[in-house]
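Chains as they are written, first to last, in numbering that gives the first Met the number 0: chain A, 0 to 277; chain B, 0 to 515. The beta-carbon is built from N, C-alpha and C at its ideal position, and this holds for glycine as well. Since the model is a prediction, treat every value here as computed from it, not as a measurement. See below for the structure under consideration.
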Amino acid sequence: MSDASPILAARTLHKTYRLGRVGVPVLRGVDLDVQRGEWLAVLGASGSGKSTLLHLLGGLDRPDSPAQASRVCRRCGHPRKHSPGTRTSCPECGEPHHTITPPQIIYEGRDLSTMSAAQLNHYRSRDIGFVFQFYHLLPELNIVENITIGSMVLHGRFGYMAHRREARARAEALLDAFGLSHRLRHRPRELSGGERQRVAIARALINEPRILLADEPTGNLDRKTGHAILDSIEQLQKSQGLTMIMVTHDPVIAERADRVVRLLDGRVVDHLPEPAET
Amino acid sequence: MYQSLLNRRYLTSKIMPLLSLVAVMLSTATILVTWSVMGGFLKTLMESGRTLIGDVAITWPNVGFAYYEDLIERLEQQPDVEAAAPIIETFGMIRLPDDQLQAVSIRGVDGPSFDRVTGYAETLYWRPLDQPTPKDFDRQDLRLPEHTDPDFLARVEKNGLMLTRDDGLGPEPAVVPGIEVTGLNHRQSWGGYVPLTAMRPTSTGSIDVENIFMPRNGSLALTLLALDSNGRFADAITRTFPVANEFQSGIYDADSQIVLVRLDALQSMLNMDRAERIEPAGPFDTIVDPETGEQIPAPPRVIGIDPARVTNVLVRGREGVESDALAATCQSVYQRFAEAHRGEVPDAFNIVINTWQEKNRTLISAVKKETGLVLFIFGIVCFTNVFLVLSIFWSMVSEKTRDIGILRALGAGWAGIAWLWLRYGLVIGTVGSTLGVLLAWVIVHNINPIHDWIGRTTGIVIWDPSVYYFIEVPNEMSWPHAAVVLLAGVLTCVIGAAIPSVRAARMDPVKALRFE
Chain A
0 MSDASPILAA
10 RTLHKTYRLG
20 RVGVPVLRGV
30 DLDVQRGEWL
40 AVLGASGSGK
50 STLLHLLGGL
60 DRPDSPAQAS
70 RVCRRCGHPR
80 KHSPGTRTSC
90 PECGEPHHTI
100 TPPQIIYEGR
110 DLSTMSAAQL
120 NHYRSRDIGF
130 VFQFYHLLPE
140 LNIVENITIG
150 SMVLHGRFGY
160 MAHRREARAR
170 AEALLDAFGL
180 SHRLRHRPRE
190 LSGGERQRVA
200 IARALINEPR
210 ILLADEPTGN
220 LDRKTGHAIL
230 DSIEQLQKSQ
240 GLTMIMVTHD
250 PVIAERADRV
260 VRLLDGRVVD
270 HLPEPAET
Chain B
0 MYQSLLNRRY
10 LTSKIMPLLS
20 LVAVMLSTAT
30 ILVTWSVMGG
40 FLKTLMESGR
50 TLIGDVAITW
60 PNVGFAYYED
70 LIERLEQQPD
80 VEAAAPIIET
90 FGMIRLPDDQ
100 LQAVSIRGVD
110 GPSFDRVTGY
120 AETLYWRPLD
130 QPTPKDFDRQ
140 DLRLPEHTDP
150 DFLARVEKNG
160 LMLTRDDGLG
170 PEPAVVPGIE
180 VTGLNHRQSW
190 GGYVPLTAMR
200 PTSTGSIDVE
210 NIFMPRNGSL
220 ALTLLALDSN
230 GRFADAITRT
240 FPVANEFQSG
250 IYDADSQIVL
260 VRLDALQSML
270 NMDRAERIEP
280 AGPFDTIVDP
290 ETGEQIPAPP
300 RVIGIDPARV
310 TNVLVRGREG
320 VESDALAATC
330 QSVYQRFAEA
340 HRGEVPDAFN
350 IVINTWQEKN
360 RTLISAVKKE
370 TGLVLFIFGI
380 VCFTNVFLVL
390 SIFWSMVSEK
400 TRDIGILRAL
410 GAGWAGIAWL
420 WLRYGLVIGT
430 VGSTLGVLLA
440 WVIVHNINPI
450 HDWIGRTTGI
460 VIWDPSVYYF
470 IEVPNEMSWP
480 HAAVVLLAGV
490 LTCVIGAAIP
500 SVRAARMDPV
510 KALRFE
């Protein structure tokens, strides 16, 4: 792929959650291009579908197919009783029904929907790094194990035996970069919130992914710690040429990104101008 | 790889898996202890059932067959045969000292040869003991030297083996009843017997204490029906025999119903001993009396000899010879024997040759049913174990829902997640079952001291020797049984973990990550 083409692109992403018979359309046709090495912030209110978008881009979830999307009204979520084509508008809100084009999430020119389950697992493991708001560390494992487990998942039992030293060295280097080299044997509960998030970032980076997907990474931290975390991420992103998509509801945090998009009513509705380089 | 790490950590940092491991260990140990004790009990019962029978019996009931010495000689020349002994089996009545009549099974035996075939000497109860029996902690056994003169008991033992007793008038044929036949021996809580002590008030107002110890001065009147050589009832004969000793085979039915009599005495009573065959003289036949010189009627003439008969020949095989193979050997030997005595003994086609298993068919069938029952209970416990593990794992999967979401986000596939929990079940099953087997081994090997300790401290005696016929709780563990239980323990854990594993594998990773 040429450097000019986006590393990750989303086309007409729809996602509806079901609450009994009623559907709740969260995404209503998201289109998005993410360039290589770009830090993209997705700004949106709580419940706007930011995390859902991140899960779809990361291959954790699948977007609605046209058939799934046609089962409910895309505006109000009211179920469609008749087969598509028999009625042209929703009896609840009057929104005209229309069929959607098949969704696409294209990573390096390859559509995720064409990948097998094993390929999708490999994509999540090798090319994507997830960072969550609530850290999501495994409480029974110590810090080093929490980081190297990503490598274990990628390489499997025998592969990991060959990569063990390498993975451990990288884990220690990441922890050293985050100032946690003295905490290798500690359990997550023995760390502060900021330290836990650094460990979570280190885990996301253990397999040297191309894209980091961060879901409100500072949402659970105080402002000072949050900014310190963002400083660390920014440094890594710049030094390693990492592509990063960060969702947040905080415009101040979003301003630090190379580019900001806003998620409103399930669509990417506007693009804010790029913040000036400092 | 991550499955192994997480299994290790879950196992050592959480109480719930440890609880499930303990549950598996205890249920495995319980099943194995029960199976070992029940299996030991049944095995002892089977082995006791073999006592007094030998491995194979050649039988021609009621009338019996002659030339048995020749048959025994032919049998003992076979490499498969260790020894053979003649016996007579019949039924009769005994009159006890208190004038009670009792129907019994009577066996005429030749003590030494019977011992070689059946180990009869080991079943004689009254014999000198150096050490008390396992439950006789207070040395109450009358056979111990502090209670009874060992020389006297040695004489009683020898009397029992030879089935004779000498009351000062020379040795005479005697009987050896089972220890429960007379009802004059009381089984004690420590598993032994004490002869009845009768106390009667006398005319002087004192108490007359009488120890009724049958082998010292007791006797039994034996009544049975003699048969002629054609199997027709001849006479009812009663004869009183001194009691030489008493035997304990380990089978209550045998010990309460069988009376052993010296073979020659029984042959004589049943008209089965060696006898002259006579023919009455003609009504006009006379001879000259050598003393008076007068013509007198001629006496009956001896025209032949009827050899002694027995109803059975018991055969013991050499070590390692299967009873079916031994029966086949006996069949072929008997065939040659019958040809040699054609017309005088039952032919080979009609003679009854049974192995000890066939003779004990009822007992063995009951034993097999008991084993089946144990295995059925074992199956139910295993099934319960599946649900126990399933519920614990279900709960653990629920608790670890978020971990599953995290692992899926890190790239773990559904198969990897399923294997994580299945492997966890396998580890818990393997460790728990192995510990259970070890615990069972410790308990089974020390079950008697443990049982005695419980009895001493709480007064609860589960295996009461006065109720059960075996003094000690069986304490041998079968390793093949242990392997089966271990395998079943592991299997139940894996089956129990399977449904939660599938649930974990099918979990929506996004919902799992949002799990609170």
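Interface criterion not met: the Cβ of B/Arg422 is under 8 Å from no Cβ in chain A.
Using a Cβ-Cβ cut-off of 8 Å, A/His13 does not count as an interface residue toward chain B, since no Cβ of chain B sits closer than that to its own. For B/Arg8, the residues of chain A that pass the 7 Å Cβ criterion are Glu139, Leu140, in the order they occur in the chain. Interface annotation, B/Pro508: in contact with chain A, CB-CB separation under 8 Å. One thing to note: B/Gln2 has its Cβ within 8 Å of the Cβ of B/Arg422. Put simply, the CB of B/Leu419 is far from chain A, with every gap to its CB atoms at 8 Å or more.
From the beta-carbon of A/Val29, no residue of chain B is found nearer than 9 Å; the closest lies around 16 Å away.
Contact annotation: B/Ala65 and B/Ala307 have beta-carbon atoms nearer than 8 Å. The C-alpha of B/Pro345 is placed about 18 Å away from the C-alpha of B/Ile304. Per DSSP, A/Met245 is one residue of the beta strand (DSSP E) stretching across 242–247.
With fewer than 16 other beta carbons inside 10 angstroms of its own, B/Thr203 counts as exposed.
By alpha-carbon distance to B/Arg154, the top candidate from B/Asp137, B/Leu123, B/Glu145 is B/Leu123. Look at the beta carbons and you see the segment 13–24 of chain B not touching the segment 46–64 of chain A: under three pairs across the two are nearer than 8 Å. Ranking B/Ser267, B/Thr383, B/Arg142, B/Leu512 by CA distance to the CA of B/Leu128 puts B/Arg142 first.
Taking C-beta atoms as the reference points, B/Cys329 and B/Ile427 fail to come closer than 8 Å. Identification of residues in the segment 393–408 of chain B having a C-beta nearer than 8 Å to some C-beta of chain A yields Arg401, Asp402, Gly404, Ile405, Leu406, Arg407, Ala408, given in sequence order. Exposure of B/Ile295 is indicated by the presence of fewer than 16 other C-beta atoms within 10 angstroms of its C-beta. When the beta-carbon positions are compared, B/Thr222 and B/Met92 come within less than 8 Å of each other.
The beta-carbon of B/Leu512 is placed less than 8 Å from the nearest beta-carbon of chain A.
Between A/Phe129 and chain B, the shortest Cβ-Cβ separation is below 8 Å. Of the residues B/Thr457, B/Asp109, B/Ile350, B/Gly319, the one whose Cα lies closest to the Cα of B/Arg335 is B/Ile350.
As for any alpha helix (DSSP H) of minimum length 4 sitting wholly inside the segment 363–435 of chain B, the runs are 400–408, ordered along the chain. With a threshold of 8 Å between beta carbons, B/Gly410 makes contact with chain A. With contacts defined by Cβ atoms closer than 8 Å, B/Asn311 and B/Glu88 form a contacting pair.
The beta carbon of B/Asp109 lies closer than 7 Å to those of Ala84, Pro85, Leu262 in the same chain, with the five residues before and after it left out. In this chain, the beta strand (DSSP E) harbouring B/Gln294 covers 294–296. For A/Thr100, no beta strand (DSSP E) segment is defined, and its DSSP state is neither H nor E.
DSSP links A/Lys14 through a beta bridge to A/Leu26. Taking 8 Å as the threshold, the shortest C-beta distance from A/Asn219 to chain B does not fall below it. For B/Ala326, there is no enclosing beta strand (DSSP E); the residue is found in the alpha helix (DSSP H) stretching over 322–339. Of all residues in the segment 146–172 of chain A, only Ile148, Gly149, Met151, Val152, Leu153, Gly155, Arg156, Tyr159 place a beta-carbon less than 7 Å from a beta-carbon of chain B. Neighbours of A/Leu52 in chain B, taken as residues whose beta carbon is under 8 Å from its own, are absent, since the nearest beta carbon is some 12 Å off. Burial of B/Pro214 is indicated by the presence of at least 16 other C-beta atoms within 10 angstroms of its C-beta. Annotation: Cβ neighbours of B/Met0 in chain A (cutoff 7 Å, chain order): Met151, Gly155, Arg156, Tyr159.
Residues Asp126, Ile127, Gly128 of the same chain have their beta carbon placed closer than 6 Å to that of A/Pro208, with the five preceding and five following residues left out of the count. Taking the Cα positions, A/Cys75 is about 37 Å away from A/Arg222.
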